[in-house]
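What follows is a set of notes on a single structure, which appears directly below.
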Amino acid sequence: MLFGKARVTLDVEEIYRRYGPFVMRRCQQMLQDEAQAREATQDVFVQVLRRQDTLHDQGLGGLLYRMATNLCMNRLRSRRRRPHEPAGALLDRIADSTSESSRSEARDLLDRALEHAPDSTAVIAVLHLHDGLTLEQTAKLVGMSVSGIRHRLRALKATLEELRTHV
Amino acid sequence: MSDPIPRVLIELLALGELDPEEAQRVRLQLGDDLERELQAIARSNAELLARYPHASDRTVAPTRRGKVFYLVTSVAVAATLLAGVGIVRLLREAPPSPLDSGLALRDELPQTGAIRHKGQPVLLVFRPESRDPLRDGDRVEAGQLLQLSYNAAGASHGVIVSIDGRGNATLHLPATPEGDTTLQSGEHRLDHAFELDDAPRFERFFFVTANADLDAGKVYEAATQLTHEPEPTASALGLPEGWKQTSLLLLK
Numbered sequence: 451m452l453f454g455k456a457r458v459t460l461d462v463e464e465i466y467r468r469y470g471p472f473v474m475r476r477c478q479q480m481l482q483d484e485a486q487a488r489e490a491t492q493d494v495f496v497q498v499l500r501r502q503d504t505l506h507d508q509g510l511g512g513l514l515y516r517m518a519t520n521l522c523m524n525r526l527r528s529r530r531r532r533p534h535e536p537a538g539a540l541l542d543r544i545a546d547s548t549s550e551s552s553r554s555e556a557r558d559l560l561d562r563a564l565e566h567a568p569d570s571t572a573v574i575a576v577l578h579l580h581d582g583l584t585l586e587q588t589a590k591l592v593g594m595s596v597s598g599i600r601h602r603l604r605a606l607k608a609t610l611e612e613l614r615t616h617v
Numbered sequence: 711m712s713d714p715i716p717r718v719l720i721e722l723l724a725l726g727e728l729d730p731e732e733a734q735r736v737r738l739q740l741g742d743d744l745e746r747e748l749q750a751i752a753r754s755n756a757e758l759l760a761r762y763p764h765a766s767d768r769t770v771a772p773t774r775r776g777k778v779f780y781l782v783t784s785v786a787v788a789a790t791l792l793a794g795v796g797i798v799r800l801l802r803e804a805p806p807s808p809l810d811s812g813l814a815l816r817d818e819l820p821q822t823g824a825i826r827h828k829g830q831p832v833l834l835v836f837r838p839e840s841r842d843p844l845r846d847g848d849r850v851e852a853g854q855l856l857q858l859s860y861n862a863a864g865a866s867h868g869v870i871v872s873i874d875g876r877g878n879a880t881l882h883l884p885a886t887p888e889g890d891t892t893l894q895s896g897e898h899r900l901d902h903a904f905e906l907d908d909a910p911r912f913e914r915f916f917f918v919t920a921n922a923d924l925d926a927g928k929v930y931e932a933a934t935q936l937t938h939e940p941e942p943t944a945s946a947l948g949l950p951e952g953w954k955q956t957s958l959l960l961l962k
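So the sequence lines, in the order shown, correspond to chains A and B. For the first sequence, my numbering assigns the number 451 to the initial residue and increments by one for each residue that follows. For the second sequence, my numbering assigns the number 711 to the initial residue and increments by one for each residue that follows.
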C-alpha cells in the first residue's frame, strides 16, 4: 500500500473547512495568482493528509501558515528559473511591502534568501521582513527563540554580505 | 502612527489562535476596525469554501527534487485515500518542494551501504540515478541531485544536517528546528532530494543520533559553528554528551 496507513486520526476535510480559506488567502497574497494559490493550498492539505498521524486538529494556524509560506516560496523560486514567467515582479511586490529595509535591500535580501538560505531561514525572513512580524511574533510562529531568529537573520545577512563582495 | 498590524495576526485572531496577550494587543490596535476585519474574513471564508469546497480535487505526493509523483484522484477518491485505499501513480516533472517532508516514498533502499554499515547508525547519500551510495571523498558538482537515506540501527532519534564550503549549514531532517526527530526503524529514505548549489570545495553531511529526543536546533547551531572553525571538513560537531555523530564528506 502506498501510504501504509489504515488509521485515520484527523479529518482533513474538517481541517480544510476551518483553515482552508486562511491558507488560500496566504497563498494568493504571495503568488498573486488564484489558480496557483489553489494549487499551493491543495499541496498544503496534502501535506496535512500525509502527516495526520502526528498532527493535532487544533492550533494548526501557525503551522499551516509556515507550510503555505514555504510552498509559495518554492513556487516563486521555480518561477525564477523560468524566465518567461514574471517572478521578478512577484518578488518585487513582496519586497515592496517590507517595513524594515529599503526596497532594493529587501528585494536583494529576499532574492538571495530564496537562492542560498535554508528553507526555514527564508520563511523566517519573509515572516519578519515582508509580513511585518516582530522578532518575538516570528519566534512564536515558528516555535523558536528570539535569539534563534536573530541568529538566523544575522547569518542570512552575513551570507548576503559575503555574496555581495563576490559579485 | 503605529505600524500596520501584520495580516497573519488578524487571521489568527479570527481563528482564535492568538495567545490572550497578543489577541488583546491586536484588538486594541484594530479598535473600531476589529468587527469590520472579522466580518470581512468571515465573508471571504464563505466565498472561498463555496468556490473550493474540498481540500483537494487532486492529491499529490511530491517527493524527490525535480520529480513529483502525482496521485491523480478525484475528490471522491481523495476520500478513499483517507481510508488507505491504493492510488494510481503517474510520474511527471515538477518543481522542487523541500517542505514536502512527511510525503514519503516507499521505494526500497539500495542495500549496498546498509549491509556495509550494519550495526551503527549510518547516513547514505545517493545520486538518484545510482544504487551505490557515495563514499567519503567522492566528487560531486553543482546542480547535481542528491538523495539522503539513513539506517537508524536502533537509534530512536536523529538529525541530518550539512555544511558547505561557503559556510552555510542546512537542516535536512527534520525540516525545521522544532520538527520531530523520531527516526524510522531500519533503512529509510528521506522524502525529498535536493540540488547542490555552487558552494565551493565541499559538502559535508552529519547524521546525529541518540536514544532520546534531540534538539535539532542545537545540531543546526553546532553545524553553523563548525563552519567558522579552521577545519570544517575534519572537525566534529560540538554536541552534548551521549549524542553520536557520523559524517560524510563530498568534495567539489
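We treat Cβ as the ideally placed atom computed from N, Cα and C, and that holds for glycine. All figures in this text were calculated on a predicted structure; none of them were measured in a lab.
Does the Cβ of residue i have 16 or more other Cβ atoms within 10 Å, making it buried, or fewer, making it exposed?
| i | result |
| --- | --- |
| Glu463/A | buried |
| Ala944/B | exposed |
| His867/B | buried |
| Arg911/B | exposed |
| Thr892/B | exposed |
| Ala975/B | Nothing can be reported for residue 975/B, as the shown portion of chain B is limited to 711 through 962. |
| His391/A | Residue 391/A lies beyond the range of chain A shown here (451 to 617); nothing can be said about it. |
| Gly470/A | buried |
| His580/A | buried |
| Ala933/B | buried |
| Ala765/B | buried |
| His882/B | buried |
| Glu714/B | Here residue 714/B turns out to be Pro, not Glu, going by the sequence shown. Exposed: under 16 other Cβ atoms inside 10 Å. |
| Arg849/B | exposed |
| Asp874/B | buried |
| Asn520/A | buried |
| Ala518/A | buried |
| Asn878/B | buried |
| Pro887/B | buried |
I want to verify the contact list: residues of chain D whose CB lies under 8 Å from the CB of residue i, in sequence order.
| i | result |
| --- | --- |
| Met480/A | Protein chains A and B are contained in the structure displayed, whereas chain D is not. |
Does the CB of residue i have a neighbour CB from chain A at under 8 Å?
| i | result |
| --- | --- |
| Glu897/B | no |
| Gly864/B | no |
| Glu905/B | no |
| Asp713/B | yes |
| Leu924/B | no |
| Gly661/B | The structure shown does not extend to residue 661/B, since chain B is modelled only from 711 through 962, so no value can be given for it. |
| Glu727/B | yes |
| Arg963/B | Since the first residue of chain B shown is 711 and the last is 962, residue 963/B is not available in this structure. |
| Glu951/B | no |
| Thr919/B | no |
| Thr934/B | yes |
| Arg914/B | no |
| Arg717/B | yes |
| Pro887/B | yes |
| Gly927/B | yes |
| Glu721/B | yes |
Does chain B have any CB closer than 8 Å to the CB of residue i?
| i | result |
| --- | --- |
| Ala589/A | no |
| Ala485/A | no |
| Ala575/A | no |
| Leu583/A | yes |
| Arg604/A | no |
| Arg600/A | no |
| Glu463/A | yes |
| His534/A | In this prediction, His534/A has a pLDDT of 43, which is less than 50 and means its spatial position is unreliable; what the coordinates show is noted afterwards. So no, His534/A is outside the interface. |
| Val596/A | no |
Please classify residue i: does DSSP put it in a helix, a strand, or coil?
| i | result |
| --- | --- |
| Arg849/B | strand |
| Gly927/B | helix |
| Asn861/B | strand |
| Thr943/B | coil |
| Thr956/B | strand |
| Ile873/B | strand |
| Asp890/B | coil |
| Leu856/B | strand |
| Leu906/B | coil |
| Gly726/B | coil |
| Ala879/B | strand |
| Leu577/A | helix |
| His693/B | With chain B covering only 711 through 962, there is no way to say anything about residue 693/B. |
| Thr584/A | coil |
| Glu951/B | coil |
| Leu603/A | helix |
| Ala920/B | strand |
| Leu834/B | strand |
| Asp713/B | coil |
| Leu961/B | strand |
| Asp461/A | coil |
| Arg899/B | strand |
| Glu839/B | coil |
**Asked** Taking Cβ-Cβ distances below 7 Å as the criterion, which residues of the segment 734-765 of chain B are in contact with chain A?
**Response** Of all residues in the segment 734-765 of chain B, Ser754, Asn755, Leu758, Leu759, Tyr762, His764 and Ala765 have a Cβ within less than 7 Å of some Cβ in chain A.
**Request:** Output, in sequence order along the chain, the residues in the segment 856-885 of chain B whose CB is closer than 8 Å to any CB in chain A.
**Result:** Taking 8 Å as the cut-off between beta carbons, the residues of the segment 856-885 of chain B near chain A are Arg876, Gly877, Asn878, Ala879, Thr880, Leu881 and Ala885, in sequence order.
**Message:** At 4 residues or longer, what runs of the alpha helix (DSSP H) sit wholly inside the segment 726-750 of chain B?
**Reply:** 730-740, all fully within the segment 726-750 of chain B.
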